[in-house]
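Numbering (this note's numbering), first residue to last: 7 to 180.
Even glycine gets a Cβ: it sits at the ideal position worked out from N, Cα and C.
In what follows, a structure is listed as structure tokens, so that the remarks can point back to it.
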């Protein structure tokens with residue numbers, strides 16, 4: 007499948023955010039990274055705000071695609087257990103630095119946060135469901151762990167912690 011120019015630009019933007027941080031994401035840096043002209047970028051993203059919103063939408067959509075794949079279907083077609091398990095397994099993987107930077111930036115901007123909240127509304131559970139919500143909190147910790155603790159978990163450690171957490175809530179993780 008051919009990548010659209012818009013998707014190419016969004017992936018280029020994520021490369022900049024990953025390597026240099028969100029402040030380094032400008033039309034100039036994006037033009038250099040993507041190979042498109044500044045005017046070509048403005049065609050797709052008439053403002054930096056539009057660009058950031060589209061990045062958040064793109065990332066949230068990618069996140070949901072992974073959950074759909076693991077659950078075996080969209081949230082409305084699978085059961086609660088499948089939704090929670092898929093969400094946990096996706097979130098238990100280490101975030102990229104770009105993903106983490108984008109979600110932290112979105113946290114205090116309702117418009118930027120909305121794509122993430124929309125996905126969470128479909129795949130997550132309420133804090134009132136304390137057992138399952140605790141699983142989400144564990145996944146959140148695994149997601150940010152490697153960026154806030156000064157060292158990364160090995161793949162074996164991450165898998166072990168993931169399986170242990172699943173066993174707390176579902177004795178048969180299958």
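Residues 19, 51 of the same chain have their beta carbon placed closer than 7 Å to that of residue 57, with the five preceding and five following residues left out of the count. Counting of Cβ neighbours within 10 angstroms places residue 105 among the buried residues, the total reaching 16 or more. Under the 10 Å beta carbon count, residue 155 is surrounded by fewer than 16 other beta carbons and is classified as exposed. Within the same chain, 100, 101, 158, 159 come within 8 Å of residue 152 by CB-CB distance, once the 5 residues on both sides are set aside.
Cα atoms of residue 23 and residue 87: separation of roughly 34 Å, rounded to the nearest angstrom. Under a 10 Å Cβ-count criterion, residue 138 is classified as buried, with 16 or more other Cβ atoms of the shown protein chains found around its own Cβ. In the structure shown, residue 31 adopts coil according to DSSP, grouped into three states. Scanning the segment 78-148 for uninterrupted alpha helix (DSSP H) segments of 4 residues or longer gives 86-97, 103-112, 116-129, listed from N- to C-terminal end. Per DSSP, reduced to three states, the secondary structure at residue 161 is helical. When the alpha-carbon of residue 173 is set against those of 115, 94, 134, the nearest one is in 94.
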